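For the protein sequence lines, the chains are A and B, in the order given. The working numbering puts the first residue of the first sequence at -5, with every later residue one more than the last. The working numbering puts the first residue of the second sequence at 330, with every later residue one more than the last. Glycine included, every Cβ here is placed at the ideal spot set by N, Cα and C. Because the structure is a prediction, the values reported are computed rather than measured.
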Amino acid sequence: MTLSAIIFTPLIFGALLCFLKSDKSIKVSTFIFSIVHFLLCLFMLSNFDKTTIDIQMAEKISWLPSMGISYFVGIDGLSVWLVMLTSFMLPLVVLGSWNSITKKTKVFHLCLLGLQTTMIGTFLALDAILFYTFFELSLIPMYFLIGIWGGKNKLYAAMKFFIYTMAGSVFMLLGIIALIFMTKSNGGVMSASILDFYALDIPFVAGSYFSTQTLLFFGFCLAFAIKVPLFPLHTWLPDAHVQAPTSGSVILAGVMLKMGTYGFLRLVLPVFPEAAEYWSWLFLYLGVMGIIYGALVAMVQTDIKKLVAYSSVSHMGYVVIGIFSLNTFGLTGSLYQMLCHGISTGALFFLVGMLYDRTHSREITKYGGLAVKAPIYAIAFVIVTMSSIAVPMTNGFVGEFLILLGTFGASKVAAGFAVLGVILGAAYMLWLVKRVFFGPEGELVASKDEAFFKLTIKEKLVLAPLIVMIFWMGIFPNHFISYSEASLNHLSKNMSNYELNIVGQANGPEVNSNNSQGESK
Amino acid sequence: MEKTLLSILLLTPVIGFLINGIRFRSKNIKVAGSIGTGAALISFICSVALFFKVKAAPDHMVLVKFFDWINIGSLNIAAEFLVDPISSIMILIITGVGTLIHLFSIGYMDHDERPAKYFSYLNFFLFNMLVLVLASSLPLMFVGWEGVGLCSYLLIGFWFTDKEKAAAGMKAFITNRIGDAGFLLGMFMLFYTFGTLSFGELNEMMPAIPEIGWAGPVTLACLFLFIGATGKSAQIPLYVWLPDAMAGPTPVSALIHAATMVTAGIYMIVRMSPVFMVAPNVMMVIATIGGLTAVLAAAVGLTQWDIKKVLAYSTVSQLGYMFLAVGTGAFIPGFFHLMTHAFFKALMFLGAGSIIHAMHHEQDMRKMGGLKKKMPITYWTFMFGWLAIIGMPPFAGFFSKDEILWLAWASPLGSKWLWALGMIGAAMTAFYMTRLMCLVFWGEETRSDHKVKESGLTMTFPLMVLGFLSATAGFLGIPHVISAVLPGHPPNILGDWLGHTVVHLDIHGSAITEWLLMGWSVTVAGASALLAYYCYIKKITFVDKFTEQFKPLHQLVEKKYLVDELYQAKIITPLIGVSKILWSDIDVSFVDKCTHLLSRFAVSCGKGFRSFQNGNMQTYAFYMLLGSAVTLFYIMTGMGK
């Protein structure tokens, strides 16, 4: 029940929210709820057994028995930290948008809560149709977040975001249906359980573009690559980020992008192992291109938020190459980088939002010398920058180091190009810092005094946990990695005959169906 | 006990950093300075205690593990610190010179707005530098390696409201990052070859036979690590950041950009000497780059007028010497020079700081002159530094530099060419340092309006200590040939101590040759210094004639070979141009356009189908008929089967 509670309490609370009248009570109660929700997740974490690779806390209720579709959720080392991350961000987002959201407060918080349910649902779903449902449903609240509270060009951006990501998902849906039918020929009954997908042996012909596994592989990859976003499918991202309100950007970069990379880990690698291995070079190179391309384009941006958006393209490129290095270092690094990117880029978007709330401008050239007027803000920004460019002792380093180490093991050439991102990343971020914070005071800075830029208590409360996490995750990464280590090891070592069971059901239905098939032959 | 000492050693600077960091708005330099200096002093005391612990330890090694940092499969990186002969000397230098420079800063930064911030950065630097040298594995060393880079960035851009200074900080960080990328690749190469990254294990696992050619894994790894070293230790082609780094406060230049951080590259190579010995080709590269840097940087030093720029190029050049040394297998002399250089160069930077402070931030040597009388302590201590750097016996630089030159000549990895580079560099060094002395201290007073007076004790005390060390530190490493003729045959203390862990080449050259070379290099340095003296004090026209004769060459050197301009024109500007094209022409006009084309295609498909639904009853009837006909045809011809 824990997992269902984690998934659905935000939605239920959202329904209760409808009875509240005043804006203030909505904000306060949502904030309190988000804290409670995080405590609930911590409770889940304390019950999480990090020694097993199996699915824990599973719940399975039949939904559409004729198609083998069920409400099936469970958690393992791959998803546990993403759930924690999602829950961790909600109170910060509520607090961070306290003053900046002035219209339709109730709907805004409803959207946030709805997003929470769908995102956590995506990470916890173990039924492919349920996964798809949550994956797609998450678009709707985000669509409204961008479309209602966004900037000037919000409708275009919201529409582009929605249709672009949805178009990719259609291929995934086709793929899921195909896989469901395959389970029938494999085990006799239809099943949409992802665990049953793992047991499938999908025909693969190396070199052929049209073998079943290759086609399905690319169908899924398209959906996830758009979400990540992987170069060259990234163009929805800068538009969405620039138009989205701060809260939207934080959730989008902090959590939603990870739904794509999580998809690679949960579905693509274990279900299509041969194709993933065969085509890994393609994704390594697309990832490397994303790293360099994103960094270069970020360097010449004139809008701070757009710069951070392109930096996401670059950082997510790291995650992709880590995944497709297909070894333990790369996979661990990728999972870690997902969390780190969520925290550091989330923090960057918060910081940009705080500045924008005051000056209503994100033009880099209008700033300069801000460190004199806003010292605390500058310190926070520099710390987050260090995390973003992966200076050791911040979280960013651990992820990037492991990814590069893993990539080096898979392809020295790819790693050789990927380290260029280490240089370019420092270049675009430090250049930004220099232009905004150092040098003579720019026009927006000179006319204001220190009190104008002073951070409020709420803003400090938003930044403080993020900064604590940056150092905690950088200095004691084992506290986090140890929860996922077993699962990631299992994935990298047994990718080609990957299987997962539910805890306590070592001879679960999946295994049985395999056995019966073996006997019938 | 060792663990406690190490914890105090590492944590006091962190505590100092945090205290001063939290009260960064404070303008009280006495409090901030006391906290900062106190923290450094406590660290120094711990270093001394640790040194004796290591000396007493049976295998001269103390290994303390605090916690596991990253543990994944076969990768085990622990926060584990190693105090052995090399690192024990390094921590003494870092905390010792560090304490003196903290003390000096109290005087130097007395008019600054943000002294607490300054001392917090300085303390944080100490911590990172200690992590760098105490690390027991490459990744942990990388933590300190990047950490000192970060502190250097913050301190160079300490007066960040000045655009140039902020830019200099950024340049230092990004240039260092290029090296760091190489460091990472070298680390990965070693990990996949040997399965470990700890120094102890790596040094033991090295094959006995050196690799031939360029493609061996150790050769490649060493090459990449050396790229890292060229970044941090300012060698060709990545030295460009160091002269610009002089934008930072002068004590920072003394501590970070002369005595400690910039020597990290040499320290890394000495630390991994058994590994580098397996890659003789890389050793050749290191020696050549070092020799070339020594000469080319010294040549720029001849032409500069800014006192800090002269010292900066001098530092680049001296670091070149150290690389020349380690590249010829002379790890211990290289390390010896690192130590003596730390003393005399820190001394000279602080001396320069004392002058700059007294002259109200004037750095042009043409506007100085005759400071001998006005600033006697600064003058006399600076004199010791000068004698040390030009290699006059028995000052510190003589012993270390001479051993480097001798090994460049006699080592199996050395050559006459490398020796010649070293000699040319030594002659130039003597010339530009004497020129500096003439212009600053000996010449006529150029301006009398400044009420220049000697600095206070917080500034002169560090000068005196460093002056003493510059004069005497050389006796720690007396070469064999000299000790053979001295009464009592004093041992080579440093060499014996380092010999426990560092690869030691046994060179059996003839003692006569060594004496001859030694005499020759002292003569050349002396002659060169004398020439400079005559040029700048007795005003003989040699320099003018010389520059007139080789005008294009002189201008090229004076403009620092236009390397900065070259990098700007050939790398940075094109990169930004390409990025702009990528953004506007590729990202917006192509990749995104393709997306729009797809959506337009969908829309036009929809439009096409819409024309079927035009509301005309007859058209609908026609479609119905057509459809039925096709279906009928399909069934009747049996195509369905």
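For A737 of chain B, the uninterrupted alpha helix (DSSP H) run begins and ends at 725 to 739, by DSSP.
Neighbours of D509 of chain B in chain A, taken as residues at a C-beta separation under 7 Å, are given in chain order as V416. Ranked by Cα distance from F713 of chain B, the first of B:M518, B:G699, B:H670, B:M534 is B:H670.
Excluding residues up to 5 positions away in sequence, K394, S465 lie with their Cβ nearer than 6 Å to the Cβ of E409 of chain B in the same chain. Apart from the 5 residues on each side of it in sequence, M766 of chain B sits with its Cβ closer than 7 Å to the Cβ of W715 in its chain, given in chain order. For the region 130 to 159 of chain A, the set of residues with a beta-carbon nearer than 9 Å to any beta-carbon of chain B comprises K154, I157, Y158, in chain order. The three-state reading of DSSP puts L231 of chain A in helix, counting H, G and I together.
If only complete runs of 3 or more residues are kept, the region 336 to 372 of chain A shows no beta strand (DSSP E) anywhere.
Look at the beta carbons and you see the region 475 to 491 of chain B not touching the region 518 to 531 of chain B: under three pairs across the two are nearer than 8 Å. The CB of E479 of chain A comes closer than 9 Å to the CB of N400, I401, G402 in chain B, given here in chain order.
Counting only Cβ-Cβ distances below 7 Å, G410 of chain A has contacts in chain B at L514, in chain order.
At least one CB of chain A lies nearer than 9 Å to the CB of L904 of chain B. Here T177 of chain A is buried: its Cβ has 16 or more other Cβ atoms, across all protein chains shown, within 10 Å. Residues of the region 286 to 303 of chain A with a Cβ closer than 7 Å to any Cβ of chain B, in chain order: Y287, L290, V291, M293, V294. DSSP links Q50 of chain A through a beta bridge to A:I69. Taking 4 residues as the shortest admissible run, the region 856 to 907 of chain B contains the following complete alpha helix (DSSP H) segments, listed from N- to C-terminal end: 871 to 878, 880 to 887, 892 to 896. In this structure, V313 of chain A lies away from Q295 of chain A, with their beta-carbon atoms at least 9 Å apart. Between the beta-carbon of G316 of chain A and that of G327 of chain A there is about 5 Å, and that keeps the pair under the 8 Å contact cut.
Uninterrupted alpha helix (DSSP H) stretches at least 4 residues long and entirely within the region 221 to 287 of chain A occur at 230 to 237, 240 to 245, 251 to 257, 267 to 272, given in chain order.
At least one CB atom of chain B sits nearer than 9 Å to the CB of K428 of chain A.
With respect to G682 of chain B, F380 of chain B sits apart: the two C-beta atoms are not nearer than 9 Å. It is roughly 41 Å from the alpha-carbon of K701 of chain B to the alpha-carbon of K428 of chain A. DSSP, read as helix, strand or coil, puts V294 of chain A in coil.
In terms of CA proximity to W92 of chain A, A:K452 leads the group A:D195, A:K452, A:S478. Ranked by Cα distance from G824 of chain B, the options B:P414, B:V604, B:S372 are led by B:P414. Contact between W570 of chain B and T504 of chain B holds, with the beta-carbon distance rounding to 4 Å and staying under 8 Å.
Using a Cβ-Cβ cut-off of 9 Å, E357 of chain A does not count as an interface residue toward chain B, since no Cβ of chain B sits closer than that to its own. Within the DSSP secondary-structure output, I401 of chain B pairs in a beta bridge with B:L404. Around the beta carbon of M(-5) of chain A, a 10 Å sphere encloses fewer than 16 other beta carbons of the protein chains shown; the residue is thus reported as exposed. Here A464 of chain B carries a strand assignment [DSSP, helix/strand/coil].
Chain B has no Cβ within less than 9 Å of the Cβ of E437 of chain A. In chain order, L290, V291, M293, V294 make up the part of chain A whose C-beta sits under 7 Å from the C-beta of S908 of chain B. Fully contained in the region 378 to 460 of chain B are the following beta strand (DSSP E) runs of length 3 or more, in chain order: 391 to 401, 404 to 412. Chain-ordered, the chain B residues with CB closer than 7 Å to the CB of A421 of chain A read I503. Pairing E493 of chain B with K356 of chain B gives a Cβ-Cβ distance that is not under 9 Å. The beta carbon of V413 of chain A falls within 9 Å of a beta carbon belonging to chain B, placing the residue at that interface.
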